[in-house]
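Here the structure is laid out as structure tokens; the discussion comes afterwards.
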Ligand SMILES: Nc1ncnc2c1ncn2[C@@H]1O[C@H](COP(=O)(O)OP(=O)(O)OP(=O)(O)O)[C@@H](O)[C@H]1O
Ligand SMILES: [Mg+2]
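Next up, the structure:
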């Protein structure tokens, strides 16, 4: 179906189901329970899951397939956000034109930066992309202030021209982003028992786009083009002597991943119509690298898992403070309670980066294939019938090909 | 005139003359061996032919087109394939995918953005890949990870990849270097089979005289960057100049 194998189709269906059911699945604890703070089913965070998922899916097309590690992809995220906000200011608050412009402009930037950076490979390529991104970050704060709004960022104002819309609502407010009238901030609440679920228009808009671009990345992974990208990663010498020019392949991958980043940046602006240069900072570029590696570079699902994992940590673990910890360990004798809280304290709240760093190290050392590999090992361990040991006779019992998959 | 004409080619590395006025003509549909002691310039010559090195002087023409200044992938697209001393294959791809890449390159040229098509829909290419794997007796290994193949199988796969593009000229740099006797004999058989079944010209750089004498129709002996003798293999053996070059080269 849809040009996918049977296995891929069922995989896609599962992804679609999980994405659409996210507002339910991420809200497993009743509102008044002690664990309610681990709930992640609120619009803001779910939107971020989808948006960073898109960012990471695109990044993975470049890094996961070709092995070219860009350290400047947040630049395209920023470009996408600025483009979208300008579209809101000048044309309309409808998100579609904003997203289209975000994708086009970030694609053009990626073409330029990729064209120059891809003349080198390995660490030099990474440094070039980092340099470009930092340059754009610096420009956004200085020369380009009229376009970027400098330190305050680019915001909507009450006297934006907005050719196909109104500058102000009848009540004198700035209008909000919408999809043909459906406002992105609209939500429906649903309370059952002790649970409360929020279905937000903005989240579902991001989710549908995320599913579409996930499907697109599946097609790319399975296409001859995707195979060529993996060939680039494996052996460029052989590629050259096979009559293939690796450069346009890597450039195409770079531009595609830049457009994914621009789309993610545009969606950020569509959810909250402002854009700032901090979105382009190198830490943001590093974050998408972490997401992809943590989840499993070169796998379809890995980057999405990595993005979800990191965003969850950033938003949930960072909120656990000492009061919360004391409440959890109140059942312990006082002295012991203080000791336990003191031990855990550096790892939560503001210390969430520390926990994330440790987890990242553990994954890279023990699960070089990321969370996806962890999942594969688990399913393999639980499988009933053990496979024949492929090492016994490599010539006649070939092991399965390590598939680029799941 | 030969399919490949090398005329007056020189190449210096600093003070060292790696190639010094090399003239070789390789006849169409022949197997031509280039032998010589270590450092004679054989690999340098090969790298000039495939576009990896640019010579300081001279010309290289393939079917009356100059190869100089062309990129390796452009030279390949003209019909020149190369087998490396250590097999260069796509280790992270399956054996089958290794076969697909050259077939796509042969049909679609140096770049094509077929990002939305599926591989399975390319029936002709899939069939050609399977036929080629069958020809080199590797069909049952089609789903193996190419990196996990034995050295001999990697060599077979690399040859199959080159042949699938129906090259007019196949360049082989010491195809049996470091191989055990059995693997060497397998490779000789494979090359004979290729030679007899297709219209193909082969230029082989080789140290192993057994290989040279079982395959080649012409032999060029190089020493210190210059061809010394060119003759039929039977007559090369007794040539005093050749013996001197080898003794000189090793002494
Ligand atoms: N890139 C290079 N830079 C400097 N010198 C080089 C370079 N490549 C080759 N040479 C030198 O040029 C000479 C010819 O080398 P080449 O590799 O062509 O010899 P060869 O005939 O292939 O020898 P072998 O049988 O050992 O492979 C040698 O002296 C080598 O050291
Ligand atoms: Mg050599």
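Chains as they are written, first to last, in the numbering used here: chain A, 6 to 411; chain B, 26 to 276.
Virtual Cβ for every residue (Gly too), placed ideally from N, Cα, C.
From a predicted model like this one, the values you see are computed outputs, not experimental measurements.
With 16 other Cβ atoms within 10 Å as the buried cut-off, status of residue i
i	result
residue 287 of chain B	Since the first residue of chain B shown is 26 and the last is 276, residue 287 of chain B is not available in this structure.
residue 84 of chain B	exposed
residue 49 of chain B	buried
residue 104 of chain A	buried
residue 198 of chain B	buried
residue 194 of chain A	exposed
residue 398 of chain A	Summary for residue 398 of chain A: the model assigns pLDDT 41, below 50, so the residue's position carries little reliability; its value from the coordinates is reported in the next sentence. So residue 398 of chain A ends up on the exposed side.
residue 44 of chain A	buried
residue 63 of chain B	exposed
residue 269 of chain A	buried
residue 358 of chain A	exposed
residue 209 of chain B	buried
residue 92 of chain A	buried
residue 185 of chain B	buried
residue 88 of chain A	buried
residue 249 of chain A	buried
residue 94 of chain A	buried
residue 102 of chain B	buried
residue 178 of chain B	buried
residue 76 of chain A	buried
residue 38 of chain B	exposed
For residue i, the three-state DSSP class (helix, strand or coil)
i	result
residue 65 of chain B	coil
residue 410 of chain A	Note that residue 410 of chain A scores a pLDDT of 48, beneath 50, so its modelled location is shaky; the value from the coordinates is reported in the next line. Residue state, collapsed to three classes: coil.
residue 253 of chain A	helix
residue 378 of chain A	helix
residue 169 of chain A	coil
residue 254 of chain B	strand
residue 90 of chain B	strand
residue 162 of chain A	coil
residue 176 of chain A	coil
residue 269 of chain B	helix
residue 235 of chain B	helix
residue 337 of chain A	coil
residue 59 of chain B	strand
residue 305 of chain A	coil
residue 86 of chain A	helix
residue 262 of chain A	helix
residue 214 of chain B	helix
residue 192 of chain A	strand
Contact under 8 Å by Cβ, residue i with residue j
i	j	result
residue 355 of chain B	residue 171 of chain B	Look at the range of chain B in this structure, 26 to 276, and you will see that residue 355 of chain B is not part of it.
residue 202 of chain A	residue 32 of chain A	yes
residue 73 of chain B	residue 251 of chain B	no
residue 290 of chain A	residue 62 of chain A	no
residue 276 of chain A	residue 207 of chain A	yes
residue 141 of chain A	residue 285 of chain A	yes
residue 176 of chain A	residue 301 of chain A	no
residue 74 of chain A	residue 293 of chain A	no
residue 141 of chain B	residue 228 of chain A	yes
residue 76 of chain B	residue 51 of chain B	no
residue 297 of chain A	residue 68 of chain A	yes
Given residue i as reference, the closest of the options once Cα atoms are compared
i	options	result
residue 58 of chain B	B:33, B:219, B:266 and B:236	B:236
residue 328 of chain A	A:353, A:372, A:358 and A:55	A:353
residue 65 of chain A	A:175, A:180 and A:263	A:263
residue 257 of chain A	A:237, A:215 and A:27	A:237
residue 197 of chain A	A:35, A:372 and A:371	A:35
residue 143 of chain B	B:125, B:53, B:90 and B:95	B:125
residue 102 of chain A	A:59, A:46, A:184 and A:84	A:184
Straight-line Cα distance separating residue j from residue i
i	j	result
residue 380 of chain A	residue 233 of chain B	50 Å
residue 24 of chain A	residue 15 of chain A	14 Å
residue 308 of chain A	residue 178 of chain A	39 Å
residue 19 of chain A	residue 165 of chain A	43 Å
residue 66 of chain B	residue 44 of chain B	6 Å
residue 196 of chain B	residue 363 of chain A	51 Å
residue 275 of chain B	residue 70 of chain B	Summary for residue 275 of chain B: the model assigns pLDDT 47, below 50, so the residue's position carries little reliability; its value from the coordinates is reported in the next sentence. For residue 275 of chain B and residue 70 of chain B, the distance between alpha carbons rounds to 20 Å.
residue 408 of chain A	residue 251 of chain A	Because the pLDDT of residue 408 of chain A is 46, which lies under 50, any placement of that residue in the model is unreliable, and the question is left without a value.
residue 245 of chain A	residue 108 of chain B	12 Å
residue 400 of chain A	residue 306 of chain A	Low local confidence applies: a pLDDT of 41 at residue 400 of chain A is under 50, so the model's placement there is unreliable, and no value is given.
residue 323 of chain A	residue 130 of chain A	34 Å
residue 332 of chain A	residue 123 of chain B	59 Å
residue 231 of chain B	residue 200 of chain B	7 Å
residue 167 of chain A	residue 124 of chain A	41 Å
residue 120 of chain B	residue 163 of chain B	9 Å
TODO: Output the residues surrounding ligand 4, defined as those with a CB atom closer than 6 Å to any ligand heavy atom, in chain order.
DONE: For ligand 4, the structure offers nothing, since it holds only ligand 1 and ligand 2.
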